[in-house]
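A.B. asks: My questions will all concern the structure given below.
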Amino acid sequence: MRPGTPYGGPLIEYGKAIATGTFQAPRRIADADRQGKAEPMTERLFRAHFTDGLHIGDAGTLARPAAEIGVVMDGFPPGELQARLDPVRRLGVTGVPVFLIGGLPPPTGSQTENTLFATLREAAQTRRGTP
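This is the structure we're talking about:
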C-alpha cells in the first residue's frame, strides 16, 4: 500500500498519524466486538489515525468514532484485554500490523506483497503436508 492511495478503504497519510500509545484503541475495539461491530470500529479507528490525524490514544477522542458507528463504550476491563493480548505477545508480537498465518512466525510491521504471498504459500504448503 502506498501512502495516500485508497484501496477500497481509508486513505493512508502517514504524516497525519500521531505517534502515541494506543492501548485505549484496542479496548474500544473490544467494546465494539461485544456489540458485533469490531470490523467497522477497527476500520474507523484506522481512518481516525491515518487519515484524520486524531489522537487515538486519548479516551475522549475515541468517543467520537465510537458514537459514529453506534458503539457503546462500556469500559472493557483493561485486565480482560491484557488476558486476550497475552497469547499474541507470547508469539513475540509487540506492535501492529501483524499477520498470524498458519502458525508460522508472524511477519510484523509493513510487509511487501511478495513477503505476504510467500508466507501464505508456505502456510498452504505446510497445511497440505508438502515442503
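At position 94 of the sequence shown the residue is numbered 229 (my numbering), and the sequence of numbers has no breaks. In this text, a Cβ means the ideal position worked out from N, Cα and C, and glycines have one as well. Since we're looking at a predicted model, the values are computed, not measured.
1) Quick test of the definition: if touching needs 3 or more C-beta pairs under 8 Å, does the segment 178–194 touch the segment 222–235?
2) Anyone know if the C-beta pair for PRO161 and LEU216 falls short of 8 Å?
3) Counting only beta-carbon separations shorter than 8 Å, does ALA167 have a partner in chain D?
4) Starting from the C-beta of ARG199, find all residues in its chain whose C-beta is less than 6 Å away, skip the five residues before and the five after it, and write them out in chain order.
5) Would you kindly check if the distance between the Cβ of ARG169 and the Cβ of ILE204 is under 8 Å?
6) How is the alpha helix (DSSP H) around GLU248 delimited, first residue to last?
7) Can you tell me whether ALA183 is buried or exposed? The criterion is at least 16 other CB atoms within 10 Å of its CB, across all chains shown.
8) Helix, strand or coil for THR157? Go by DSSP, reduced to three states.
C.D. replies: Working from what's here:
1) In the pairwise beta carbon analysis, the segment 178–194 is classified as not touching the segment 222–235: fewer than three pairs are separated by under 8 Å.
2) Locating residue 161 in the sequence shown gives position 26, where the first residue counts as 1. Locating residue 216 in the sequence shown gives position 81, where the first residue counts as 1. In this structure, LEU216 lies closer than 8 Å to PRO161 by Cβ.
3) This model lacks chain D altogether; it includes just one protein chain.
4) For the purposes of this step, residue 199 is taken as the residue at position 64 of the sequence shown. So no residue of the chain qualifies.
5) Residue numbering aside, residue 204 sits at position 69 when the sequence shown is read from its first letter. Residue numbering aside, residue 169 sits at position 34 when the sequence shown is read from its first letter. It is not a contact, given that the beta carbons lie outside the stated cut-off.
6) Along the sequence shown, read from residue 1 onward, the residue named residue 248 stands at position 113. Per DSSP, the continuous alpha helix (DSSP H) segment holding GLU248 begins and ends at 248–263.
7) Counting from one through the sequence shown, the residue named residue 183 turns up at place 48. Buried, by the Cβ-count rule.
8) Reading the sequence shown from its first residue, position 22 is the one you call residue 157. Residue state, collapsed to three classes: coil.
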